[in-house]
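*Asks:* Residue numbering for the sequence shown follows our numbering, beginning at 659 and increasing consecutively.
Just passing along the structure, written as C-alpha cells.
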Amino acid sequence: MKKFLSLVLMGALLLSVTGCSTPAPKEEKPEGEATAETTGKLVVYSPNSEGLMNSVIPLFEETYGVEVEVIQAGTGELIKRIQSEKDDPYADIMFGGAHSQYISNPDLWENYVSPADATLPEAYQNQSGFTTSYVLDGSVLIVNKDLIGDIKIESYEDLLNPELKGKIAMGDPATSSSAFAQLTNILLAMGGYESEEAWAYVGKLIEQLDGKVASGSSAVYKSVADGEMIVGLSYEDPCAQLVRDGANVALVYPTEGSVYLPATSGIIKGAKNMDNAKKFIDFILTPEVQDIFGTTLTNRPALAEAKTADYMTPIVDITTIDEDREWVNSHKDELATKYTDLFASLQK
C-alpha cells in the first residue's frame, strides 16, 4: 500500500533498486540442474516494510537453506505484474497486501491451505482456499500532540469539530487501500455500509477535509507527524512505529470502533518453486514467527495466542468491530465510486 520498489537478494545480503520492467530472463541451465534450482530458491513479491521483511526472510533462509529473492513494490503494482506474467510466473509468493485484492483476482493464486491455518481465529482463516492471513492492521486516528491543544479527538464524531476544518488528512478511497479501509470502517461504525445516516456523516467529513486529499497512505501520517495536519485517518502499523520512534504524535482508537483487517499472503499460480512456497506459507504461521511479529514490530499477529509488545495498546482495551469482508469485496468499486461522486459534488 505504500512501498518503494527494490530488489533484495537476501541470500547474499545485497540490496539494489530495480524498476518496474519485467525481470531479465534467467540464464538457462542444463536439464540436469533443474531440480537444484527449483528446490533451492524462492521468489517473493511484497509490499511489506523493510522491518517486517527483515524479521522473516533471513530466518526462513536459515531454517530451510533456501535462497530468497524479494522484489518490493506497492500492492497494486505487484498485482499488475503478476497478471502480466500469468503464462510464465517469475515469483512464487505474494507476501502482503489487502485480502480484497486477492479475492478480486482469484485466477492468480494457487489453492493451498496450511495445516497451521486452523490455529487462527475463525474470522481470519483461509476460507477462499488461497488467502493466508498472518498479521492484522486496524484503522486508527493519528494526532499531532503539539497542534491538538484543547481539541478533543476520541471518536469519528469529534472530527466534525469546526476547528479541524482543513486540518484533517485522508487519502482517496478509490486509490488508497488504507483510505478505503477507513471508509468502510466509518460506514460500519456509523450505521452500516448502505445507511443514509452513515453516508450523511461521510459527506460532513468530506466538507471538513476542505478539498484536500493526501497523495497516499504514507502522506497521511507523515503530514501529521510533520505538523502540516492536526489529525489523520490512517492505519495502526506505521502510526504505532512513529510513537515507538519518539514522534510527538498519539494514536486514537475511535470509540465507535476500529476494524482490524488481515494482511494476506498467497502462492502464485504455476509457481516454479511450489514446495518452497508452501513451506513459506506454513512458516509465517508458526508460533515462533507470529511471536516475532508481535514483539519486534508494530503489527498485530494473526495468531491470538501470540505475544505482543508492551508498546502496543492491548487489543482488549480497543473497541473493535467486525467487517463483512465478503460484502465489502463484492461492492468495493460501488463504494469507492459513491465516495468519489459525493466528494466531487461537495466541492465549491
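In this text, a Cβ means the ideal position worked out from N, Cα and C, and glycines have one as well.
Keep in mind it's a predicted model, so treat the numbers as computed, not measured.
How should V974 be labelled, buried or exposed, when 16 other C-beta atoms within 10 angstroms of its C-beta is the threshold for buried?
*Replies:* Flag for V974 reads exposed.
*Asks:* Assign E894 to buried or exposed, taking buried as 16 or more other Cβ atoms, counted over all protein chains shown, within 10 Å of its Cβ.
*Replies:* It is buried - the Cβ of E894 has at least 16 other Cβ atoms within 10 Å.
*Asks:* If we count Cβ pairs, one from each stretch, closer than 8 angstroms, do we get three or more for the region 841-849 versus the region 904-919?
*Replies:* Cβ pair count under 8 angstroms is three or more, so yes.
*Asks:* Hey, how far is the Cα of T777 from the Cα of Q866?
*Replies:* Near 43 angstroms, if we compare the C-alpha coordinates of Q866 and T777.
*Asks:* Does the region 859-874 come within contact of the region 819-839, defined as at least 3 CB pairs closer than 8 angstroms?
*Replies:* As far as the Cβ criterion goes, the region 859-874 touches the region 819-839, which means the pair count is three or higher.
*Asks:* CB L919 to CB Q840, shorter than 8 angstroms?
*Replies:* Taking 8 angstroms as the Cβ cut-off, L919 and Q840 do not qualify as a contacting pair.
*Asks:* Counting C-beta neighbours from all protein chains within 10 Å, is the total for L1000 16 or more, i.e. buried, or is it exposed?
*Replies:* With fewer than 16 Cβ atoms within 10 Å of its Cβ, L1000 is classed as exposed.
*Asks:* Out of A832, Y760, T733, which one is the CA nearest neighbour of Y703?
*Replies:* Ranking the options by Cα distance to Y703, first place goes to T733.
*Asks:* Which residue spans inside the region 703-746 form an unbroken alpha helix (DSSP H) run of at least 4?
*Replies:* Here the runs fully enclosed are 708-722, 733-742.
*Asks:* Per DSSP, which one or two residues make a beta bridge with I950?
*Replies:* Paired residue(s): none; I950 is not in a bridge.
*Asks:* Should Y859 be labelled buried (16 or more other beta-carbon atoms within 10 Å of its own) or exposed?
*Replies:* By the 10 Å Cβ count, Y859 comes out buried.
*Asks:* Tell me the rounded alpha-carbon separation between N843 and E981.
*Replies:* Taking the straight line from one Cα to the other gives about 7 angstroms.
*Asks:* Ignore the nearest five residues each way along the sequence and tell me which others in S762's own chain have a CB closer than 8 angstroms to its CB.
*Replies:* Once the five neighbours on either side are set aside, the close Cβ partners of S762 are N987, K990.
*Asks:* Mind checking who L919 pairs with in its DSSP beta bridge?
*Replies:* Answer is D795, bridged to L919.
*Asks:* Can you confirm whether the region 921-940 touches the region 737-747 when touching is taken to mean that 3 or more C-beta pairs between the two stretches lie within less than 8 angstroms?
*Replies:* Contact holds: three or more Cβ-Cβ distances are below 8 angstroms.
*Asks:* Below 8 angstroms on the Cβ atoms is my contact criterion, and I expect A994 with F788 to pass it. Report the Cβ-Cβ distance as a whole number of Å.
*Replies:* Incorrect: roughly 24 angstroms between the Cβ atoms, too far for contact.
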